[in-house]
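A.B. asks:
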Amino acid sequence: MTKMKRRAFLKGSMAGSVLAIAVGAGLLRPTQVMASQWPDKAFKARNLADAVNSLYGSSDVADSKAIKIRAPLQAENGAKVPIQILTDLPAESIAVFVKENAMPLAGRANLRNASGFFSTRIKMGKSSDVVAVIKSKGKLHSTKLAIKVTVGGCGG
Amino acid sequence: MARKTKVRTRMQDGKVEVLILITHPMETGLRSDKKTKQKIPAHFIQTLDVILNGEPVANAELGIGISTNPLLGFRLNSAKTGDKLQIKWKDNKGESGTINSKVDL
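Protein chains in written order, with this note's numbering: chain A, 1 to 156; chain B, 1001 to 1105.
Pasting the structure below:
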C-alpha cells in the first residue's frame, strides 16, 4: 500500500516537472502573459526564423513596401551601424534583426502612443541583410536591406 | 553607478523626435579578455521605457546586438515644449536608471 502511494506521488511530481519544462521551452509562452517581460528566448534564438517566431509567436510575415530602412549601404565600423526604421503603417511594434549575427534579434520598440519610427545603432558581425519586422493591426510586415560591413563589430 | 545620459528632443518630419543616449558597455558575454582568456560577462540594457507626462508612450526591449552606448530614437504623436519626459531603463545585472527631462523644441 505504501508502495502504491509512493508511485502515485512520483507520478504527480513528474507531471509537475513536465509543465515546468514546457514553460522553460517556451511552449506556454509566459512572455505573452506578461508583456513587460524581456523576451529572453527570442534574443537567444540562433537564426532569423526562430527569432521572429519566438518574438511574435508567428512566422507569417508579409513583405511590405510601406516600411523604409534608412542606413548606410556600406558601414565602415560594424560595431556601430546607425539605422532608422520608418513606416506609415499604424505600428504597434518595430523589431530589428541582423540576419547573419549569431543572435539575430537586436531589439524591439513597442509603440503605444508614438508614430511608426525607431532608430538605434546596431552591431553587425559581417555584411548582412538587416530585417525590420513591424506588427500592425495584428499582422506582421517586413522589409530588408543589405548592408556591407568592412570591419565586423561582434568579435573580441 | 551613475551613468552619463542625454535626452534631446527635436522636430523631425513634423513629429517630436526623442533621442536617448546612455553610456553603457552593452557587453555581449561572447567576448573574452585577450590576456586572461576569461569570458567577459554579459552586461547590457534590456528594457527602456519612455514616459510622457506620466503616460507610457513607448518602450524598447534591447539585446546584445545594440551598440555600446546605445542611442535610441522615438517619434511621439503629440508633445509640446515643457511636457515632462521620463526615461527609465534596466539592464541584465539589475542596474537601472531614471532620467527626467522636458520636451524642448
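All C-beta atoms, glycine included, are put in the ideal place defined by N, C-alpha and C.
For Leu73/A, which three-state DSSP category applies?
C.D. replies: Residue numbering aside, residue 73/A sits at position 73 when the first sequence is read from its first letter. If DSSP states are grouped into helix, strand and coil, Leu73/A belongs with coil.
A.B. asks: Going by beta carbon distance, what residues of the same chain come within less than 7 Å of Val1103/B, once the five residues before and after it are set aside?
C.D. replies: To locate residue 1103/B, count along the second sequence from 1; it is residue 103. Contacts found: Thr1009, Val1016, Ala1079, Lys1080, Thr1081, Gly1082, Asp1083, Leu1085.
A.B. asks: Does any C-beta atom of chain A lie closer than 9 Å to the C-beta of Ile1066/B?
C.D. replies: Position 66 of the second sequence holds residue 1066/B. Closer than 9 Å: yes.
A.B. asks: Ser115/A touches chain B at which residues, Cβ-Cβ below 8 Å?
C.D. replies: Within the first sequence, numbered from 1, the residue matching residue 115/A stands at position 115. Within chain B, the residues near Ser115/A are Lys1015, Arg1075, Leu1076, Asn1077.
A.B. asks: Measure from the C-beta of Ile67/A to each C-beta in chain B and report whether the shortest distance is under 9 Å.
C.D. replies: Taking the first sequence and counting its residues from 1, the one referred to as residue 67/A is at position 67. Output row for Ile67/A: interface = no.
A.B. asks: Note down, in chain order, every chain B residue with its Cβ under 8 Å from the Cβ of Ala75/A.
C.D. replies: In the first sequence, counting from the first residue as 1, residue 75/A sits at position 75. In chain order: nothing, as chain B lies at least about 11 Å away.
A.B. asks: Could you tell me the alpha carbon to alpha carbon distance between Lys139/A and Arg1031/B, rounded to whole angstroms?
C.D. replies: As a first step, residue 139/A is located in the first sequence; it is residue number 139 there, counting from the start. As a first step, residue 1031/B is located in the second sequence; it is residue number 31 there, counting from the start. Their Cα atoms are separated by approximately 37 Å.
A.B. asks: Between the Cα of Thr1047/B and the Cα atoms of Lys1004/B, Gly1094/B, Gly1029/B, which residue gives the shortest distance?
C.D. replies: The residue labelled residue 1047/B in the question sits at position 47 within the second sequence. Ranking Lys1004/B, Gly1094/B, Gly1029/B by Cα distance to Thr1047/B puts Gly1094/B first.
A.B. asks: When you compare the segment 1042-1058 of chain B with the segment 66-81 of chain A, are there three or more beta-carbon pairs, one atom per stretch, that lie closer than 8 Å?
C.D. replies: no
A.B. asks: Unbroken beta strand (DSSP E) runs of length 3 or more, entirely within the segment 1025-1052 of chain B: which are they?
C.D. replies: 1045-1052
A.B. asks: Applying the criterion that 16 or more other CB atoms from any shown protein chain within 10 Å of the CB defines a buried residue, is Asp1033/B buried or exposed?
C.D. replies: In the second sequence, counting from the first residue as 1, residue 1033/B sits at position 33. Result: exposed.
A.B. asks: Contact criterion: CB-CB distance below 9 Å. Does Gly26/A meet it with respect to chain B?
C.D. replies: Here the question's residue 26/A lines up with position 26 in the first sequence. The pLDDT assigned to Gly26/A is 47, lower than 50, so where the model puts this residue is not dependable, and the model offers no usable value.
A.B. asks: List the endpoints of the continuous beta strand (DSSP E) containing Leu145/A.
C.D. replies: Within the first sequence, numbered from 1, the residue matching residue 145/A stands at position 145. Leu145/A -> beta strand (DSSP E) spans 139-151.
A.B. asks: Of the choices Ile1022/B, Arg1003/B, Gln1012/B, Glu1055/B, whose alpha-carbon is the least far from that of Leu1072/B?
C.D. replies: Along the second sequence, read from residue 1 onward, the residue named residue 1072/B stands at position 72. The candidate whose alpha carbon is nearest that of Leu1072/B is Ile1022/B.
A.B. asks: Between Lys99/A and Val1057/B, what straight-line distance do the alpha-carbon atoms span, to the nearest angstrom?
C.D. replies: Walking along the first sequence from the start, residue 99/A turns up at place 99. Walking along the second sequence from the start, residue 1057/B turns up at place 57. So the two alpha carbons sit approximately 29 Å from each other.
A.B. asks: Quick one: what's got a C-beta closer than 8 Å to Met1075/B's C-beta in the same chain, skipping five residues either side?
C.D. replies: Residue numbering aside, residue 1075/B sits at position 75 when the second sequence is read from its first letter. Reading off the sequence shown, one finds Arg at residue 1075/B, where the question assumed Met. Excluding positions up to five away in sequence, the list reads Gln1012, Asp1013, Lys1015, Val1016, Glu1017, Val1018.
A.B. asks: Quick one: give me the first and last residue of the alpha helix (DSSP H) that Leu48/A is part of.
C.D. replies: Taking the first sequence and counting its residues from 1, one reaches residue 48/A at position 48. Where Leu48/A is concerned, the enclosing alpha helix (DSSP H) stretches over 48-56.
A.B. asks: Rank Asn1059/B, Glu1055/B, Trp1089/B, Leu1052/B by C-alpha distance to the C-alpha of Asn1069/B and give the top, closest one.
C.D. replies: What you label residue 1069/B is simply residue 69 of the second sequence in a count that begins at 1. Nearest C-alpha to Asn1069/B: Trp1089/B.
A.B. asks: Take Phe117/A and list the residues in its own chain whose beta-carbon comes closer than 6 Å to its own, dropping the five residues that flank it on each side.
C.D. replies: On the first sequence, position 117 is the one that residue 117/A refers to. Closer than 6 Å at the Cβ level, and outside the excluded window around Phe117/A, lie Leu86.
A.B. asks: In the DSSP assignment, find the beta strand (DSSP E) that holds Asp63/A and state where it starts and stops.
C.D. replies: Locating residue 63/A in the first sequence gives position 63, counting from the first residue. From DSSP, the beta strand (DSSP E) with Asp63/A extends over 61-63.
A.B. asks: Once the 5 residues before and after Arg70/A are set aside, which same chain residues still bring their CB inside 6 Å of it?
C.D. replies: Sequence index remark: in the first sequence, residue 70/A carries index 70 (1-based). Correct list, in chain order: Gln84.
A.B. asks: With a 10 Å radius around its C-beta and 16 neighbouring C-beta atoms as the bar for buried, classify Thr1036/B as buried or exposed.
C.D. replies: Taking the first residue of the second sequence as position 1, residue 1036/B is located at position 36. By the 10 Å Cβ count, Thr1036/B comes out exposed.
A.B. asks: Tell me the DSSP secondary structure of Lys44/A in three-state form.
C.D. replies: Taking the first sequence and counting its residues from 1, one reaches residue 44/A at position 44. The answer is helix: DSSP assigns Lys44/A an H, G or I state.
A.B. asks: Is the distance from the Cβ of Ala159/A to the Cβ of Leu55/A below 9 Å?
C.D. replies: Outside the shown range of chain A (1 to 156) lies residue 159/A, about which nothing can therefore be said.
A.B. asks: Closest by CA to Asp1091/B, which one among Val1007/B, Asp1049/B, Asn1077/B?
C.D. replies: The residue given as residue 1091/B occupies position 91 in the second sequence. For the residues Val1007/B, Asp1049/B, Asn1077/B, the minimum Cα distance to Asp1091/B belongs to Asp1049/B.
A.B. asks: Report the partner residues of Leu86/A according to the DSSP bridge assignment.
C.D. replies: Counting from one through the first sequence, the residue named residue 86/A turns up at place 86. The partner list for Leu86/A (beta bridge, DSSP) reads Lys68/A, Phe117/A.
A.B. asks: I need the DSSP call for Lys1090/B, collapsed to helix, strand or coil.
C.D. replies: Stepping through the second sequence from its first residue, residue 1090/B is reached at position 90. Reduced to three states, the DSSP call for Lys1090/B is strand.
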